[in-house]
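Engineer: My structure is below; once you've seen it, I'll send some questions.
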Amino acid sequence: MAPRPAGRPRAFDRDEALRHAAHLFWQHGFSGTSTRMLTAALGISSSSLYAAFGTKADLFAEAIRSYALRYSAIYERAVAEPTAAAVVERLLLESVTEFTRTDEGHPGCLTSSAVMADTSSTFDVRKYVAGLQRTDEARLRGRLEQAARAGELPPTVQATMLADLVQTLWQGLSTRAELGATREELIAVATFAITLIPQESTNS
């Protein structure tokens, strides 16, 4: 009978482990998060940690990437909505939900957390997050430009300026989440902002 292979336990959930690791790095930064803290949060031994993820720096990079991509997934779902107003509504409200996942031990928003200032020498978080944000912004801008060409926006509204406004709102909601604003407070702000988004032109 072949021996049971060593490594992570049968019940190991990689996605869940990455979420727990991201929370720790988020709160304490890279250098402030010890291997002991990681193994305790993930419920595995240090040898299993290294077998599953490699070095602490490798785990850091994978955890932050996996969490940051959750924001990009919101943009991807939002731009698939049928109208410009629906795009903005989904983007802002889903983002608020993501920013305020306190039930998961969510410490706030990745883009304004300790991890942005304290990172590993092998992974530049600021550069990575900035690149994702540029991609997401371009995706939103392209979708709103498409809406403008389809006559969904009044002629006086520039799609690029509207995209910049939505991004500014997104960043503001993100920062307020990091400062402790509740989900209810942020949803109220986002909902009010959505009412200000120009409706489609009545001119045919």
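Going by my numbering, 139 is the number at position 34 of the sequence shown; the sequence numbering is gapless. Just so you know, even glycine gets a beta-carbon here, dropped at the ideal spot from N, CA and C.
1. Taking the Cβ atom as the reference point for each residue, do Phe135 and Asp229 lie within a distance shorter than 7 angstroms?
2. Given this structure, state the Cα-to-Cα distance separating His125 from Arg246, to the nearest angstrom.
3. Give the list of continuous alpha helix (DSSP H) stretches no shorter than 4 residues that lie fully inside the region 116-148.
4. Taking 7 angstroms as the threshold (C-beta atoms), are Glu257 and Ala189 in contact?
5. By Cβ distance below 8 angstroms, which residues in the same chain neighbour Arg170 in space, the five residues on each side in sequence not counted?
6. Keeping to the same chain, check which residues put their C-beta closer than 7 angstroms to that of Val193; ignore five residues upstream and five downstream.
7. If you draw a straight line from the alpha carbon of His128 to that of Pro260, how long is it in whole angstroms?
8. Starting from the C-beta of Ser225, find all residues in its chain whose C-beta is less than 6 angstroms away, skip the five residues before and the five after it, and write them out in chain order.
9. At the level of alpha carbons, what is the spacing between Ala183 and Phe130?
10. Consult DSSP for Phe165 and reduce its assignment to one of helix, strand or coil.
11. Tell me where the alpha helix (DSSP H) around Ala189 begins and ends.
12. Taking the C-alpha atoms as reference points, what is the distance between Asn308 and Ala253?
13. Taking the straight line between their C-alpha atoms, what separation do you get for Gly277 and Leu267?
14. Thinking C-beta only, is Ala295 closer than 7 angstroms to Phe204?
15. When the Cα of Thr227 is compared with those of Ala156, Phe117, Ser139, Thr160, which residue comes out closest?
16. Leu274 and Ser177 - do their beta-carbons sit closer together than 7 angstroms?
17. Short of 7 angstroms in beta carbon distance, which residues of its chain neighbour Tyr180, apart from the five on each side in sequence? Order them along the chain.
Structural biologist: To lay it out plainly:
1. no
2. 33 angstroms
3. 119-133, 140-147
4. yes
5. Tyr233
6. Val271, Ile299, Ile302
7. 44 angstroms
8. Phe135, Ala162, Phe165
9. 28 angstroms
10. helix
11. 189-204
12. Annotation note: pLDDT 46 at Asn308 (below 50); position unreliable, coordinate value reported separately. Taking the straight line from one Cα to the other gives about 13 angstroms.
13. 15 angstroms
14. no
15. Thr160
16. no
17. Leu196, Asp241, Arg244, Leu245
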